[in-house]
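Comments concern the structure below.
2 protein chains.
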Amino acid sequence: MADKHSCGVGLIGAGVVGGGVAGLLLSRRELLARRTGIDIELLAVADVDAARAAALGVPEKKILADYRLLFDNPEIKVVVELIGGVGVAANAILDAIEAGRHVVTANKALLAKRGREIFAKADKKGVIVAFEAAVAGGIPLILALRDGLVANRMQSLLGIVNGTCNYILSQMAASGRPFAECLAEAQRLGFAEADPSADIDGLDSGHKLALLSALAFETWIDFPSLHIEGIRDIRDEDIRITGNLGYTLKLLGVIRPEQPPEIIAKGSGGGSGRLFLSVHPALLRRGDPLAGVSGSLNAVKTEGDAVMESMFCGRGAGRYPTASAVVSDIALAASAAVFGGRGPRWSPPEENAYSLAPIADYRTRYYLRFTVLDAPGVLGRITTVLGRNQVSIAAAHQFEGDHPDGAASVCIFSHVAREGDILASLAEIGGMDFLRGKPALIRIEE
Amino acid sequence: MADKHSCGVGLIGAGVVGGGVAGLLLSRRELLARRTGIDIELLAVADVDAARAAALGVPEKKILADYRLLFDNPEIKVVVELIGGVGVAANAILDAIEAGRHVVTANKALLAKRGREIFAKADKKGVIVAFEAAVAGGIPLILALRDGLVANRMQSLLGIVNGTCNYILSQMAASGRPFAECLAEAQRLGFAEADPSADIDGLDSGHKLALLSALAFETWIDFPSLHIEGIRDIRDEDIRITGNLGYTLKLLGVIRPEQPPEIIAKGSGGGSGRLFLSVHPALLRRGDPLAGVSGSLNAVKTEGDAVMESMFCGRGAGRYPTASAVVSDIALAASAAVFGGRGPRWSPPEENAYSLAPIADYRTRYYLRFTVLDAPGVLGRITTVLGRNQVSIAAAHQFEGDHPDGAASVCIFSHVAREGDILASLAEIGGMDFLRGKPALIRIEE
Numbered sequence: 000m001a002d003k004h005s006c007g008v009g010l011i012g013a014g015v016v017g018g019g020v021a022g023l024l025l026s027r028r029e030l031l032a033r034r035t036g037i038d039i040e041l042l043a044v045a046d047v048d049a050a051r052a053a054a055l056g057v058p059e060k061k062i063l064a065d066y067r068l069l070f071d072n073p074e075i076k077v078v079v080e081l082i083g084g085v086g087v088a089a090n091a092i093l094d095a096i097e098a099g100r101h102v103v104t105a106n107k108a109l110l111a112k113r114g115r116e117i118f119a120k121a122d123k124k125g126v127i128v129a130f131e132a133a134v135a136g137g138i139p140l141i142l143a144l145r146d147g148l149v150a151n152r153m154q155s156l157l158g159i160v161n162g163t164c165n166y167i168l169s170q171m172a173a174s175g176r177p178f179a180e181c182l183a184e185a186q187r188l189g190f191a192e193a194d195p196s197a198d199i200d201g202l203d204s205g206h207k208l209a210l211l212s213a214l215a216f217e218t219w220i221d222f223p224s225l226h227i228e229g230i231r232d233i234r235d236e237d238i239r240i241t242g243n244l245g246y247t248l249k250l251l252g253v254i255r256p257e258q259p260p261e262i263i264a265k266g267s268g269g270g271s272g273r274l275f276l277s278v279h280p281a282l283l284r285r286g287d288p289l290a291g292v293s294g295s296l297n298a299v300k301t302e303g304d305a306v307m308e309s310m311f312c313g314r315g316a317g318r319y320p321t322a323s324a325v326v327s328d329i330a331l332a333a334s335a336a337v338f339g340g341r342g343p344r345w346s347p348p349e350e351n352a353y354s355l356a357p358i359a360d361y362r363t364r365y366y367l368r369f370t371v372l373d374a375p376g377v378l379g380r381i382t383t384v385l386g387r388n389q390v391s392i393a394a395a396h397q398f399e400g401d402h403p404d405g406a407a408s409v410c411i412f413s414h415v416a417r418e419g420d421i422l423a424s425l426a427e428i429g430g431m432d433f434l435r436g437k438p439a440l441i442r443i444e445e
Numbered sequence: 000m001a002d003k004h005s006c007g008v009g010l011i012g013a014g015v016v017g018g019g020v021a022g023l024l025l026s027r028r029e030l031l032a033r034r035t036g037i038d039i040e041l042l043a044v045a046d047v048d049a050a051r052a053a054a055l056g057v058p059e060k061k062i063l064a065d066y067r068l069l070f071d072n073p074e075i076k077v078v079v080e081l082i083g084g085v086g087v088a089a090n091a092i093l094d095a096i097e098a099g100r101h102v103v104t105a106n107k108a109l110l111a112k113r114g115r116e117i118f119a120k121a122d123k124k125g126v127i128v129a130f131e132a133a134v135a136g137g138i139p140l141i142l143a144l145r146d147g148l149v150a151n152r153m154q155s156l157l158g159i160v161n162g163t164c165n166y167i168l169s170q171m172a173a174s175g176r177p178f179a180e181c182l183a184e185a186q187r188l189g190f191a192e193a194d195p196s197a198d199i200d201g202l203d204s205g206h207k208l209a210l211l212s213a214l215a216f217e218t219w220i221d222f223p224s225l226h227i228e229g230i231r232d233i234r235d236e237d238i239r240i241t242g243n244l245g246y247t248l249k250l251l252g253v254i255r256p257e258q259p260p261e262i263i264a265k266g267s268g269g270g271s272g273r274l275f276l277s278v279h280p281a282l283l284r285r286g287d288p289l290a291g292v293s294g295s296l297n298a299v300k301t302e303g304d305a306v307m308e309s310m311f312c313g314r315g316a317g318r319y320p321t322a323s324a325v326v327s328d329i330a331l332a333a334s335a336a337v338f339g340g341r342g343p344r345w346s347p348p349e350e351n352a353y354s355l356a357p358i359a360d361y362r363t364r365y366y367l368r369f370t371v372l373d374a375p376g377v378l379g380r381i382t383t384v385l386g387r388n389q390v391s392i393a394a395a396h397q398f399e400g401d402h403p404d405g406a407a408s409v410c411i412f413s414h415v416a417r418e419g420d421i422l423a424s425l426a427e428i429g430g431m432d433f434l435r436g437k438p439a440l441i442r443i444e445e
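Protein chains in written order, with the numbering used here: chain A, 0 to 445; chain B, 0 to 445.
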């Protein structure tokens with residue numbers, strides 16, 4: 000059977016992930032043929048740096064300096080874009096679609112920003128744009144959300160989708176060291192890039208969250224309107240204080256309908272209206288399965304109205320874990336090319352199921368930390384302001400500080416409150432004379 | 000688009016899961032049409048109890064007393080078998096295949112025992128037998144292993160795949176109560192059946208493990224040759240002692256090649272030879288992600304040579320979680336029926352990648368507990384026997400017993416040892432005069 004069906008693959012970009020994909024395609028052609036019924040052959044690799052492609056073991060005659068030459072070979076039915084970025088990569092994908100090729104990409108930034116245009120063009124040309132590797136690396140999450148949970152209306156999604164941030168926060172918690180030191184260590188060990196801003200400022204998580212929103216909540220957001228906070232300002236003091244009280248800090252992508260669909264066993268209301276979408280550092284109770292996901296791992300926890308809670312955990316980055324996801328898309332696209340059917344086809348929703356809610360209307364529990372001069376009445380003044388703004392306090396702690404100027408830390412754990420009321424309180428307290436530095440605000444997700 | 004393509008579904012069995020499937024198909028026809036491009040319509044429900052089908056809200060004219068009547072309707076392209084058991088269900092599935100219908104089933108017992116015959120017949124007739132709901136309920140695990148991790152050679156699989164056992168063991172750990180009490184409670188709360196033996200004796204986990212072996216390790220086993228231990232003999236004393244030392248006890252399905260494939264980044268050796276397949280109670284260190292999966296949840300942890308570790312967690316049973324998986328198969332089968340392509344097609348391996356290894360050759364760490372008369376030299380006699388059998392001891396504890404006859408508990412944690420050597424030691428110690436009752440042997444999985 001394997002020798003009867005074949006599908007050629009063209010790879011654009013021979014970098015870290017591209018190298019992994021080439022390695023998998025070259026080394027396990029037989030295994031893939033046995034499992035898919037198709038002889039999947041890497042026919043060409045395009046990279047501006049021919050030496051880099053050659054170093055992967057790709058025969059010289061298969062190396063192209065210009066990706067457009069791929070389209071001259073009619074045997075190439077699946078084109079894999081692994082350049083990254085939103086420049087050449089966009090042209091490569093649009094050109095491949097125009098040339099009638101199925102496309103596999105890991106490019107979350109591009110899809111989050113120009114996905115509508117790309118998927119619309121693919122629909123028109125009747126080809127697939129598959130992107131399993133764009134979110135949560137090796138975890139087959141796109142497959143799970145698109146096909147595995149197709150019968151569900153989703154109630155919530157919480158995800159640790161950036162391994163760099165998770166590594167840094169795990170190190171901060173384990174070692175007690177400040178952010179800058181843990182970032183430097185992560186850079187030294189290859190868990191963070193030389194310019195780490197796309198990771199630590201939450202942009203990368205935001206790109207992934209935008210795709211997850213479209214997939215799982217049928218809501219395509221205009222990327223710049225997404226609320227994004229990174230981890231650059233996270234203080235080791237807050238990790239220590241909350242850690243001692245049973246919390247773990249994670250950078251989360253959060254998607255929550257204001258009125259989630261009810262569990263189907265109990266009814267069928269909700270599931271429309273407004274959607275909160277946000278990337279932010281959040282405290283999780285230590286028993287939460289996401290709290291135990293440490294180091295560079297990724298994990299996504301979902302609730303569906305039929306399936307209830309699910310969690311998917313694994314490597315979110317790295318050469319071979321990411322290549323594993325890319326090759327799974329190649330196999331599905333090759334199957335569609337050879338045997339027909341829809342394959343891993345997906346289009347953004349024509350109409351959004353939800354509109355975007357402003358973060359000021361978010362309702363959850365909050366952790367607030369104020370560094371204050373240890374003067375009489377400070378705790379009372381803070382709690383009075385919070386009370387006046389409808390923020391009810393679940394727990395309050397004042398810690399003798401190790402601050403050089405003798406300042407103390409006042410930590411408040413609120414009951415569920417509206418974020419706008421929290422912000423109004425902080426604005427008011429911000430003007431008070433006892434305050435030293437900017438207060439910390441960290442959401443508690445449950 | 001939705002009105003242009005349609006696919007009829009016939010359901011056999013209107014019990015708990017069947018009711019959930021009918022509920023989902025009837026209530027979210029529009030949502031499924033939007034997501035799949037197909038109007039998926041429940042055209043008939045066959046059940047010997049017509050009233051049970053009617054109670055699901057199925058119109059009377061769609062209710063059939065005999066499943067064979069389903070095949071008279073050419074609009075029914077997908078047949079869903081949810082009777083369970085290996086009698087009528089087998090005939091229903093074989094008849095549906097014979098009639099050229101795609102089949103969706105949750106019947107792990109049947110597939111584990113007669114899967115070869117069923118899949119072979121489906122291949123011959125060119126139809127699909129999809130079984131997402133047969134393993135780990137609502138978790139889209141089959142999809143992940145078949146398609147998502149298609150590029151991987153698997154290194155290990157450990158799974159909590161029976162919610163009843165996990166519930167009972169979680170309750171034993173939380174409450175300190177003995178097995179019988181926790182079983183009775185589970186029965187009262189609906190987490191265990193009146194006749195719980197298929198669950199607590201590990202058979203149900205075994206059925207699932209057989210399917211996972213075929214899917215993830217390309218090794219189809221003759222079901223009766225599978226090593227299966229249940230949880231009936233687990234003593235609360237062992238949960239307490241090991242719990243105090245940082246371990247959690249779970250009933251696991253375990254699949255491990257004797258020589259696992261190397262991580263691809265490091266080589267490509269291994270991955271053939273013998274395979275250990277076993278269902279047994281096992282101790283996990285508390286930091287292991289599987290250790291945190293409590294109550295009736297299921298979870299499967301895998302290691303692949305490209306993707307490395309992954310974990311999939313969620314509800315393994317229950318009306319709507321299971322129906323969620325069934326409907327995902329229905330959607331994929333409907334897509335194959337309408338748009339062509341291979342859909343969720345899968346066949347057992349033609350040749351097994353591994354042969355089955357006898358459990359006597361298993362190598363892991365072991366926990367042993369001996370209840371002994373508190374006489375001089377007992378600990379020495381036990382450890383001498385172990386040493387003579389090449390079992391090296393990592394830790395040994397003797398606890399003053401709360402046994403009525405003044406007996407004490409001697410607990411041994413071995414280093415990695417060969418199971419045959421452990422068993423030889425137990426046989427030898429079994430004849431010694433100080434021993435009271437049967438020693439406990441629990442594997443430690445890391």
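All residues carry an ideal CB built from backbone N, CA and C; glycine is no exception.
Small disclaimer: the values here were computed from a predicted structure and weren't measured.
DSSP, read as helix, strand or coil, puts B:F311 in strand.
Uninterrupted alpha helix (DSSP H) stretches at least 4 residues long and entirely within the segment 125-185 of chain B occur at 162-174, given in chain order. For A:L331 and B:W345, the gap between their C-alpha atoms comes out near 13 Å. Distance from A:G313 to B:S309 at the Cβ level is roughly 4 Å; contact confirmed, criterion being Cβ atoms closer than 8 Å. Between the segment 409-429 of chain A and the segment 6-22 of chain B there are fewer than three inter-stretch CB-CB distances shorter than 8 Å, so the stretches are not counted as touching. The contact set of A:I138 on chain B, defined by CB atoms closer than 7 Å, consists of S309 in chain order. Within chain B, the C-beta atoms nearer than 7 Å to that of A:N151 come from S323, in chain order. For A:P288, the nearest CB of chain B lies under 8 Å from its own CB, placing it at the interface with that chain. In the three-state DSSP reduction, A:F275 falls in the strand class (E or B). In this structure, DSSP gives A:D360 a helical state, which the three-state scheme calls helix.
Taking a Cβ-Cβ threshold of 9 Å, the residues of chain B close to A:C312 are P288, K300, E308, S309, M310, F311 and C312, in chain order. Approximately 5 Å separates the beta-carbon atoms of B:G340 and A:G339; this is inside 8 Å, confirming the contact.
B:K437 sits in coil when the DSSP states are folded into three classes, being neither helix nor strand.
Under the three-pair Cβ rule at 8 Å, the segment 355-372 of chain B does not count as touching the segment 360-380 of chain A. DSSP places B:P280 within a strand segment (E or B) once states are collapsed to three. Only exposed fits A:E399, as fewer than 16 other CB atoms lie within 10 angstroms of its CB. The continuous stretches of beta strand (DSSP E) do not include B:A53, which lies in the alpha helix (DSSP H) extending over residues A49 to A53. By the Cβ test, the segment 279-291 of chain B is not in contact with the segment 104-113 of chain B, since fewer than three Cβ pairs between them sit closer than 8 Å. Annotation: the continuous beta strand (DSSP E) that includes A:H396 extends over I392 to F398.
Under the rule that a run must span 3 or more residues, the beta strand (DSSP E) segments found entirely inside the segment 186-257 of chain A read 246-256. As a beta-bridge residue in DSSP terms, A:N297 pairs with A:G313. Put simply, the CB of B:F338 is near chain A, with a gap under 8 Å to one of its CB atoms. Within the segment 401-437 of chain B, the complete beta strand (DSSP E) segments of 3 residues or longer fall at 407-413, listed in chain order. The beta carbon of A:H414 is closer than 6 Å to those of S391 and A393 in its chain, skipping five residues each way along the sequence. Spanning the alpha carbons of B:K249 and B:L440 requires a straight line of approximately 14 Å.
A:H279 and A:V57 have their C-alpha atoms some 42 Å from each other. With respect to chain B, the C-beta atom of A:L142 has a partner C-beta closer than 8 Å.
Per DSSP, the beta-bridge partners of A:Y366 are A:F412 and A:I441.
Around the Cβ of A:Q389, a 10 Å sphere holds fewer than 16 other Cβ atoms; the residue is exposed. When DSSP states are grouped into helix, strand and coil, B:E302 belongs to the strand group. Residue pairing for B:L10: DSSP places it in a beta bridge opposite B:V44 and B:V79. Between A:G158 and A:L211, the C-beta gap is smaller than 8 Å, which places the two residues in contact.
Its chain contains G201, G205 and V278 as the residues whose beta carbon lies nearer than 6 Å to that of B:I227, once the 5 sequence neighbours on both sides are disregarded; these appear in chain order. A:P347 is outside the set of residues whose beta carbon lies under 8 Å from a beta carbon in chain B. It is roughly 5 Å from the alpha-carbon of A:G137 to the alpha-carbon of A:T321. For the options A:S408, A:G419, A:E74 and A:F412, the alpha carbon positioned closest to that of A:G436 is the one of A:S408.
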